[in-house]
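Peer 1: Throughout, this note's numbering is defined as the position within the sequence shown, counted from one, plus 352. Heads up, the beta-carbon is just placed ideally off N, CA and C, and yes, glycines get one too.
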Amino acid sequence: MNLDRWPHWVSDDGAITLINADCLALLSDMEACTVDALITDPPYCSGGYMEAQKNTKAQGLRGATVSAEDFKWFTSDNMGTSGLVWMLREMMVQCHRILKPNRSAFVFTDWRMIPNVAPALESGGMRYRNMIVWDKGNAGLGVGFKPAHEIIMEFCNGSTEYQCKDGQNVLRSARLYGPAKVHGAQKPVEVIAELIRVSTPIGGTVLDAFGGSGTTAVAASGLGRRAMVCERDPGYFEIAKTRIQKELDQRNGTGPLIKATLWEAAT
Ligand SMILES: C[S@@+](CC[C@H](N)C(=O)[O-])C[C@H]1O[C@@H](n2cnc3c(N)ncnc32)[C@H](O)[C@@H]1O
353 MNLDRWPHWV SDDGAITLIN ADCLALLSDM EACTVDALIT DPPYCSGGYM EAQKNTKAQG
413 LRGATVSAED FKWFTSDNMG TSGLVWMLRE MMVQCHRILK PNRSAFVFTD WRMIPNVAPA
473 LESGGMRYRN MIVWDKGNAG LGVGFKPAHE IIMEFCNGST EYQCKDGQNV LRSARLYGPA
533 KVHGAQKPVE VIAELIRVST PIGGTVLDAF GGSGTTAVAA SGLGRRAMVC ERDPGYFEIA
593 KTRIQKELDQ RNGTGPLIKA TLWEAAT
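1. Within a Cβ cutoff of 6 Å, which residues of the same chain sit near Leu436, ignoring the five residues on either side of it in sequence?
2. Determine the DSSP secondary structure at His448, reduced to helix, strand or coil.
3. Is the Cβ-Cβ distance between Arg455 and Cys375 less than 9 Å?
4. Is Ala500 near ligand 1, with its Cβ less than 8 Å from a heavy atom?
5. With Ala579 as the anchor, note down where its beta strand (DSSP E) starts and where it stops.
6. Can you tell me whether Arg344 is buried or exposed, with buried defined as 16 or more other CB within 10 angstroms of its CB?
7. Would the beta-carbon of Thr594 fall within 9 Å of that of Ala579?
8. Cβ atoms of Gln515 and Leu528: under 9 Å apart, would you say?
9. Go ahead and label Gln520 buried or exposed: buried means 16 or more other beta carbons lie within 10 angstroms of its beta carbon, across all protein chains shown.
10. For Phe562, which of helix, strand or coil comes out of DSSP?
11. Tell me whether Met439 counts as near ligand 1, meaning its Cβ is closer than 8 Å to at least one heavy atom of that ligand.
12. Report the partner residues of Arg479 according to the DSSP bridge assignment.
13. At a cut-off of 8 Å, is Gly564 close to ligand 1 when judged by its beta-carbon and the heavy atoms of the ligand?
14. Would DSSP call Glu474 helix, strand or coil?
15. Is the CB-CB distance between Val663 and Val541 below 9 Å?
16. Out of Asp356, Ile391 and Asp388, which one is the CA nearest neighbour of Ala378?
Right, here's the structure in full:
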């Protein structure tokens with residue numbers, strides 16, 4: 353792969369590579385069988401940032417019902433459902449090629465989009481293996497059964513080889529608030545760290561095609577894994593670079609980043 357085609361940043365120890373590119377262009381340039389896990393959080397395109405917006409715009413997006421003005425918060429979240437389905441299938445065709453055999457791909461979504469995106473992702477060549485729930489503990493805004501979870505779909509490339517036997521398909525971690533949140537769709541480091549711990553060998557490489565603020569890189573680095581993270585928006589690329597460097601600096605000489613992990617809390 354010729355990284356010089358895109359703006360990029362590599363951590364001093366060479367373990368983290370962050371690339372400012374469209375993921376479909378980047379993935380098609382990557383070599384086959386080089387990655388140990390895909391952990392990625394694409395735009396959900398399910399109708400807006402706030403739950404109230406999603407409820408008024410029906411399931412998924414139909415191009416004519418939304419305008420770019422409604423969705424300024426990050427790239428591609430204003431796509432219609434067919435655009436998302438096309439993009440995710442293309443991503444998965446490449447990931448199937450790039451992943452080593454017997455490895456997993458984890459893709460975040462919300463309940464609305466599973467019927468649309470799960471078949472598209474599976475058609476990329478990997479088997480739909482599990483549905484993992486991120487339980488946020490407290491419900492968000494809304495009425496009736498207020499939303500308190502998001503979904504992580506797992507796909508496998510052959511018969512999965514896990515790194516431990518104590519993984520569970522409900523991951524409990526509070527939603528993020530406050531100054532630590534530098535991206536509107538940022539996920540907790542602990543949730544992504546648990547996916548890495550169970551799926552990826554120490555020293556292995558995790559790929560994130562929709563990197564946002566770089567949470568996957570922070571989690572991978574804290575667990576002694578390598579990360580290749582792609583983000584299309586130049587602003588978020590810079591935010592991720594600053595965040596990852598800051599985390600690495602703080603960690604210098606003080607041990608692993610991930611201290612209060614989900615599995616430690618559960619035992
Ligand atoms: C849901 S956010 C990821 C948030 C991330 N998990 C975090 O914790 O910060 C999705 C990201 O994908 C980026 N994106 C959208 N389309 C993309 C594409 N085609 N290639 C690469 N990145 C893309 C958006 O700019 C956005 O930052």
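Peer 2: Taking the structure as given:
1. Cys397
2. helix
3. no
4. no
5. Arg578 to Glu583
6. The displayed coordinates of the chain run from 353 to 619. Any statement about residue 344 would go beyond what the structure contains.
7. no
8. no
9. exposed
10. coil
11. yes
12. Cys508
13. yes
14. helix
15. With the chain covering 353 to 619 only, the question about residue 663 has no answer from this structure.
16. Position check: residue 378 holds Leu in this sequence, whereas Ala was assumed. That would be Asp356, whose Cα lies nearest to the Cα of Leu378.
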